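What follows is a short report on a single structure.
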Amino acid sequence: MKIVIALFCFLLTLPTVKAADYAYFGFEPEIITNYVAVKKKMGYVRLTVELMIDNSANYEIVEHHAPLLRDAIINIIGQQPESKIKSINGRHEIQRECEEQIKALLKKETGSSLIKKLLFTQWLDN
Numbered sequence: 044m045k046i047v048i049a050l051f052c053f054l055l056t057l058p059t060v061k062a063a064d065y066a067y068f069g070f071e072p073e074i075i076t077n078y079v080a081v082k083k084k085m086g087y088v089r090l091t092v093e094l095m096i097d098n099s100a101n102y103e104i105v106e107h108h109a110p111l112l113r114d115a116i117i118n119i120i121g122q123q124p125e126s127k128i129k130s131i132n133g134r135h136e137i138q139r140e141c142e143e144q145i146k147a148l149l150k151k152e153t154g155s156s157l158i159k160k161l162l163f164t165q166w167l168d169n
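In this text, residue positions in the sequence shown follow the working numbering: the first is 44, and each later residue adds one.
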């Protein structure tokens, strides 16, 4: 019995861990944009982008700025060379660049970056 009481007292002294309060915002409809391919031919990328929001209370703020954020993603992708679009490492670089730009735009507009991560959940290129 003393062991149970000691264990209970020990558990009461542990700090409580708050569950993460994340929300996800998905751009609808999915993003479709062009890029310049080899020999001045046009290629396209179709992708689904999700934003992991730090606090679910900020969902509406992110939603309000969605047109600005969508435009930034389209501009970044449209400036990429075909070699970067077609490679896995290139896609990761593009994803990081988009995430940094989105965080910077949100910080400029709201005073806080608001998002934890930008995710490409689907990527189809031609």
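Glycine included, C-beta positions come from ideal geometry on N, C-alpha and C. Predicted model only: the values in this text are computed from it and were never measured.
Open item on the list: Helix, strand or coil, according to DSSP, for Tyr102 in the structure here?
Closed with: Three-state result, Tyr102: helix.
Task: 7 Å CB neighbourhood of Ile137 in its chain, flanking five on each side removed - done: Result list for Ile137: Ile119, Ile120, Gln123 and Lys127, in chain order.
Open item on the list: Taking 7 Å as the limit between beta carbons, can you name the residues of its chain near Asn98, skipping five residues before and five after?
Closed with: Closer than 7 Å at the Cβ level, and outside the excluded window around Asn98, lie Asp64.
Open item on the list: Closer than 8 Å is the cut-off here; do at least three beta carbon pairs connect the stretch 143-150 with the stretch 82-89?
Closed with: No, the stretch 143-150 does not touch the stretch 82-89.
Task: Enclosing beta strand (DSSP E) for Gly86 [first to last residue] - done: Unbroken beta strand (DSSP E) run through Gly86: Met85 to Ile96.
Task: Buried or exposed (CB count within 10 angstroms, at least 16 for buried), Glu103 - done: When all chains shown are included, Glu103 counts as exposed.
Task: 8 Å Cβ cutoff, Ile158 in contact with chain D - done: In summary, chain D is missing from the structure at hand, where a single protein chain is found.
Task: Whole-Å CB distance - Phe68 paired with Glu106, under 8 Å assumed - done: Confirmed, Cβ separation roughly 6 Å.
Task: Bounding residues of the alpha helix (DSSP H) (the contiguous stretch that carries Ala115) - done: Looking at the DSSP string, the run of the alpha helix (DSSP H) that includes Ala115 is Ala109 to Gly121.
Task: Span of the alpha helix (DSSP H), counted from its first residue to its last, around Gly229 - done: Given that the chain is displayed from residue 44 to residue 169, the structure contains no residue 229 and the question cannot be resolved.
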